[in-house]
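Here's the structure, in structure tokens; my notes come after.
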């Protein structure tokens with residue numbers, strides 16, 4: 001067998017393996033799209049109607065716990081594998097402690113509870129009950145404490161600005177019960193958690209927090225720019241047909257370009273600085 005043929009068959013086997021791995025996620029994505037996005041149905045509720053809806057703390061806790069379980073299923077992580085302590089968790093918690101000074105205390109949580117876990121994609125999600133889910137991959141790909149602080153500040157800003165409560169409030173307004181949600185509904189809420197306006201507001205808040213704490217917002221912006229380039233590559237590779245779980249929450253962000261534009265308008269330099277003393 002020629003080396004060329006051997007290489008081709010190895011590539012083909014690898015390709016089939018990848019397709020088998022990704023196919024279930026693609027089916028879920030296509031099924032969700034064919035039925036209409038559950039999140040879109042919730043977005044139709046006017047914001048003015050949501051502000052007046054009071055949520056008991058017990059309801060927010062139940063929703064947050066159900067959402068946590070949905071995240072764990074989505075990223076194929078067991079609750080027992082969540083890390084509450086350790087060097088990595090302490091590092092994340094030290095950054096959160098600095099950012100925490102910007103948070104208005106909520107009736108739904110007393111303090112931020114960091115939960116770290118292993119995942120192949122950089123992840124940070126804030127739950128209404130004050131839980132902050134962070135993957136170790138996020139710590140690695142941000143490449144600097146400033147960029148990591150920016151990613152965490154963005155998620156905590158969603159919590160501080162009340163964005164995390166819009167969906168549970170809309171569910172109450174539309175008479176939907178937590179127990180009635182299907183797995184595809186939870187997947188939709190995970191992959192489409194916020195509107196573009198909410199993303200822009202969270203970015204603006206995160207930039208203020210970073211500057212107040214002495215972190216460089218440019219490094220956070222440059223991290224988002226790298227993610228944008230990675231997403232464009234992934235979109236070309238999958239041609240919009242196969243959307244594996246690894247990319248579902250990323251490919252739905254064409255608005256990332258709009259976020260980067262807004263950051264430029266707020267004075268954030270996205271081009272990396274030249275190294276001092278270079279040739």
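Residue numbers (the working numbering): 1 to 279.
All residues carry an ideal CB built from backbone N, CA and C; glycine is no exception.
Which listed residue (the options) has its alpha carbon closest to that of residue i
| i | options | result |
| --- | --- | --- |
| residue 112 | 93, 62 and 43 | 93 |
| residue 88 | 66, 107 and 138 | 138 |
| residue 201 | 259, 77, 267 and 95 | 259 |
| residue 124 | 178, 60 and 71 | 71 |
| residue 43 | 189, 256 and 229 | 189 |
| residue 157 | 205, 255, 271 and 81 | 205 |
| residue 262 | 207, 212 and 99 | 207 |
| residue 64 | 118, 133, 47 and 154 | 133 |
| residue 51 | 172, 148, 38 and 110 | 172 |
| residue 136 | 53, 257 and 91 | 91 |
| residue 76 | 119, 223 and 45 | 119 |
| residue 154 | 230, 109 and 127 | 127 |
| residue 210 | 268, 183, 130 and 117 | 268 |
| residue 41 | 193, 230, 213 and 198 | 193 |
| residue 131 | 121, 148, 164 and 185 | 164 |
| residue 85 | 117, 46 and 229 | 117 |
| residue 97 | 176, 149 and 224 | 149 |
| residue 198 | 226, 256 and 180 | 256 |
| residue 162 | 271, 227, 54 and 214 | 54 |
| residue 82 | 95, 114 and 110 | 114 |
| residue 224 | 152, 58 and 46 | 152 |
| residue 57 | 229, 107, 122 and 226 | 107 |
| residue 227 | 196, 183 and 122 | 122 |
| residue 59 | 179, 102, 212 and 104 | 179 |
| residue 129 | 67, 80, 102 and 176 | 67 |
| residue 104 | 62, 159 and 79 | 159 |
| residue 62 | 195, 109 and 38 | 109 |
| residue 45 | 140, 101, 174 and 78 | 174 |
Residue i (DSSP reduced to helix, strand or coil)
| i | result |
| --- | --- |
| residue 74 | helix |
| residue 133 | strand |
| residue 60 | helix |
| residue 83 | strand |
| residue 224 | helix |
| residue 186 | helix |
| residue 168 | helix |
| residue 217 | helix |
| residue 181 | coil |
| residue 67 | helix |
| residue 121 | coil |
| residue 174 | coil |
| residue 268 | coil |
| residue 163 | helix |
| residue 143 | coil |
| residue 17 | Because residue 17 carries a pLDDT of 42, less than 50, the predicted location of this residue cannot be relied on, and no value is offered for it. |
| residue 280 | Nothing about residue 280 can be read from this structure; the chain reaches only from 1 to 279. |
| residue 242 | Residue confidence is low: residue 242 scores 40 on pLDDT, short of 50, so the model does not pin down where it sits. No coordinate-derived value is stated. |
Residue i - containing beta strand (DSSP E), residue span
| i | result |
| --- | --- |
| residue 125 | 124 to 126 |
For residue i: DSSP bridge partner residues
| i | result |
| --- | --- |
| residue 148 | Looking at the DSSP assignment, residue 148 forms no beta bridge with any residue, so it has no partner. |
| residue 106 | 109 |
C-beta neighbour in chain C for residue i, strict 9 Å
| i | result |
| --- | --- |
| residue 134 | No chain C appears in the structure shown, which is made up of a single protein chain. |
Unbroken alpha helix (DSSP H) run spanning residue i, endpoints
| i | result |
| --- | --- |
| residue 114 | No alpha helix (DSSP H) contains residue 114, which is instead part of the beta strand (DSSP E) from 113 to 117. |
| residue 261 | 256 to 265 |
| residue 45 | Neither: residue 45 is in no alpha helix (DSSP H) and is coded neither H nor E. |
| residue 55 | Element bounds for residue 55: n/a, residue is neither H nor E. |
| residue 206 | 196 to 213 |
Check: How about the region 72 to 79 and the region 202 to 219: do they share at least three Cβ pairs that are nearer than 8 Å?
Finding: With the cut-off at 8 Å, the region 72 to 79 and the region 202 to 219 do not touch.
Note to self: Measuring CB atoms only, is the region 139 to 148 touching the region 161 to 174, in the sense that at least three cross pairs come out at less than 8 Å?
What the structure shows: With contact defined as three or more Cβ pairs closer than 8 Å, the region 139 to 148 and the region 161 to 174 are not in contact.
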